[in-house]
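**Student:** In the working numbering, the protein residues as written are 2 to 119.
Using N, Cα and C, we set each Cβ at its ideal position, and we do this for glycine too.
Since this is a predicted model, take the numbers as computed values, not measurements.
Once you've had a glance at the structure underneath, I'll fire off some questions.
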(Lines of atoms letter the chains of each structure in order from A; the text may use other names.)
(Lines give C-alpha, C1' and ligand atoms only; values in the text may rest on other atoms or scores of the structure.)
Protein backbone atom coordinates (compact mmCIF):
# COMPACT_ATOMS: atom_id res chain seq x y z
CA UNK A 2 0.00 0.00 0.00
CA UNK A 3 1.35 3.39 -0.96
CA UNK A 4 0.76 5.25 2.30
CA UNK A 5 2.63 8.31 1.06
CA UNK A 6 0.02 8.59 -1.69
CA UNK A 7 -2.76 8.08 0.86
CA UNK A 8 -1.28 10.89 2.95
CA UNK A 9 -1.01 13.15 -0.11
CA UNK A 10 -4.74 12.69 -0.82
CA UNK A 11 -5.71 13.30 2.81
CA UNK A 12 -3.45 16.38 2.83
CA UNK A 13 -5.17 17.70 -0.30
CA UNK A 14 -8.55 17.06 1.31
CA UNK A 15 -7.42 18.90 4.44
CA UNK A 16 -6.27 21.92 2.39
CA UNK A 17 -9.60 21.93 0.54
CA UNK A 18 -11.67 21.74 3.72
CA UNK A 19 -9.53 24.42 5.39
CA UNK A 20 -10.04 26.80 2.47
CA UNK A 21 -13.83 26.48 2.30
CA UNK A 22 -15.79 28.44 4.94
CA UNK A 23 -18.87 26.22 4.50
CA UNK A 24 -16.80 23.18 5.52
CA UNK A 25 -15.61 24.62 8.85
CA UNK A 26 -17.42 21.89 10.83
CA UNK A 27 -15.23 19.25 9.16
CA UNK A 28 -11.85 20.89 9.78
CA UNK A 29 -10.91 19.26 13.08
CA UNK A 30 -11.89 15.76 12.00
CA UNK A 31 -10.17 15.99 8.62
CA UNK A 32 -7.05 17.35 10.31
CA UNK A 33 -7.05 14.33 12.65
CA UNK A 34 -7.43 11.94 9.70
CA UNK A 35 -4.59 13.71 7.88
CA UNK A 36 -2.33 13.44 10.94
CA UNK A 37 -2.98 9.72 11.32
CA UNK A 38 -2.22 9.21 7.62
CA UNK A 39 0.99 11.22 8.01
CA UNK A 40 2.09 9.01 10.89
CA UNK A 41 1.39 5.82 8.93
CA UNK A 42 3.27 7.21 5.91
CA UNK A 43 6.18 7.92 8.28
CA UNK A 44 6.23 4.28 9.39
CA UNK A 45 3.86 4.02 12.35
CA UNK A 46 1.97 0.75 12.34
CA UNK A 47 -1.15 1.59 14.27
CA UNK A 48 -4.12 3.89 13.80
CA UNK A 49 -6.14 5.22 16.70
CA UNK A 50 -9.86 5.37 15.83
CA UNK A 51 -11.45 8.80 15.90
CA UNK A 52 -13.70 9.44 18.85
CA UNK A 53 -16.19 11.90 17.45
CA UNK A 54 -19.79 12.12 16.34
CA UNK A 55 -20.06 12.24 12.55
CA UNK A 56 -21.53 15.38 11.01
CA UNK A 57 -24.89 14.52 9.47
CA UNK A 58 -25.10 16.72 6.36
CA UNK A 59 -22.85 18.19 3.70
CA UNK A 60 -23.44 21.88 2.91
CA UNK A 61 -23.52 21.88 -0.92
CA UNK A 62 -23.43 19.59 -3.90
CA UNK A 63 -20.64 21.56 -5.59
CA UNK A 64 -18.39 21.14 -2.55
CA UNK A 65 -19.33 17.47 -2.32
CA UNK A 66 -18.40 16.95 -5.97
CA UNK A 67 -14.99 18.55 -5.40
CA UNK A 68 -14.44 16.38 -2.32
CA UNK A 69 -15.28 13.24 -4.31
CA UNK A 70 -12.79 14.30 -7.01
CA UNK A 71 -10.09 14.49 -4.35
CA UNK A 72 -11.03 11.19 -2.70
CA UNK A 73 -11.06 9.42 -6.07
CA UNK A 74 -7.27 9.80 -6.06
CA UNK A 75 -6.91 7.32 -3.18
CA UNK A 76 -5.02 4.20 -4.27
CA UNK A 77 -7.06 1.03 -4.60
CA UNK A 78 -6.89 -1.63 -1.94
CA UNK A 79 -5.94 -4.91 -3.60
CA UNK A 80 -6.52 -7.75 -1.09
CA UNK A 81 -4.55 -10.27 -3.13
CA UNK A 82 -1.53 -8.01 -3.61
CA UNK A 83 -1.25 -6.23 -0.26
CA UNK A 84 0.27 -7.23 3.04
CA UNK A 85 -2.51 -8.01 5.53
CA UNK A 86 -1.17 -5.49 8.04
CA UNK A 87 -1.12 -2.80 5.35
CA UNK A 88 -4.73 -3.62 4.45
CA UNK A 89 -5.71 -3.31 8.10
CA UNK A 90 -3.98 0.08 8.40
CA UNK A 91 -5.60 1.29 5.18
CA UNK A 92 -9.00 0.10 6.42
CA UNK A 93 -8.53 1.90 9.72
CA UNK A 94 -7.57 5.12 7.94
CA UNK A 95 -10.66 4.80 5.74
CA UNK A 96 -12.83 4.17 8.79
CA UNK A 97 -11.56 7.40 10.33
CA UNK A 98 -12.24 9.22 7.06
CA UNK A 99 -15.83 7.95 7.10
CA UNK A 100 -16.29 9.17 10.67
CA UNK A 101 -14.75 12.58 10.00
CA UNK A 102 -16.00 13.35 6.52
CA UNK A 103 -17.61 10.88 4.13
CA UNK A 104 -20.48 10.00 6.49
CA UNK A 105 -22.01 13.37 5.64
CA UNK A 106 -21.39 12.82 1.93
CA UNK A 107 -23.09 9.41 2.04
CA UNK A 108 -26.15 10.79 3.80
CA UNK A 109 -26.51 14.01 1.83
CA UNK A 110 -25.43 13.02 -1.68
CA UNK A 111 -25.32 9.20 -1.84
CA UNK A 112 -25.49 9.26 -5.63
CA UNK A 113 -22.03 10.89 -5.79
CA UNK A 114 -20.64 7.78 -4.10
CA UNK A 115 -22.59 5.32 -6.23
CA UNK A 116 -25.05 4.51 -3.46
CA UNK A 117 -28.65 3.95 -4.49
CA UNK A 118 -31.51 4.42 -2.05
CA UNK A 119 -33.17 1.15 -0.97
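Using CA atoms only, rank isn't needed, just tell me which of 99, 64, 114 and 80 is closest to residue 56.
**Tutor:** Within the chain shown, the letter at position 55 stands for residue 56. Nearest to residue 56 by alpha-carbon distance, out of 99, 64, 114 and 80, is 99.
**Student:** Is DSSP giving residue 25 helix, strand or coil here?
**Tutor:** The residue given as residue 25 occupies position 24 in the chain shown. DSSP places residue 25 in helix when its eight states are reduced to three.
**Student:** Could you check the C-alpha separation between residue 68 and residue 5 for me, to the nearest Å?
**Tutor:** One-based indexing of the chain shown puts residue 68 at position 67. One-based indexing of the chain shown puts residue 5 at position 4. Distance between the alpha carbons of residue 68 and residue 5: 19 Å.
**Student:** Quick one: which unbroken alpha helix (DSSP H) runs of 4-plus residues sit fully inside the region 77 to 114? Chain order, please.
**Tutor:** Listed in chain order, the complete alpha helix (DSSP H) runs (minimum 4 residues) inside the region 77 to 114 are 85 to 98 and 104 to 109.
**Student:** Kindly give me the distance between the Cβ atoms of residue 72 and residue 23, rounded to whole angstroms, as I take these residues to be in contact under 8 Å.
**Tutor:** Along the chain shown, read from residue 1 onward, the residue named residue 72 stands at position 71. Along the chain shown, read from residue 1 onward, the residue named residue 23 stands at position 22. No, residue 72 and residue 23 are not in contact; Cβ-Cβ is about 18 Å, not under 8 Å.
**Student:** Any idea if residue 41 is buried or exposed, counting beta-carbon neighbours within 10 angstroms, 16 or more meaning buried?
**Tutor:** Working through the chain shown from its first residue, we reach residue 41 at position 40. By the neighbour-count rule (16 or more Cβ atoms within 10 Å), residue 41 is buried.
**Student:** Could you check which residue in 9, 86, 11 and 53 has the C-alpha nearest to that of residue 46?
**Tutor:** Position 45 of the chain shown, counting from 1, holds the residue named residue 46. Considering only alpha carbons, the answer is 86.
**Student:** Among residues of its own chain, excluding the 5 on either side of residue 106, which ones have a beta-carbon nearer than 8 Å to its beta-carbon?
**Tutor:** Residue 106 sits at position 105 when you count from the first residue of the chain shown. Result list for residue 106: 59, 65, 68, 69, 113 and 114, in chain order.
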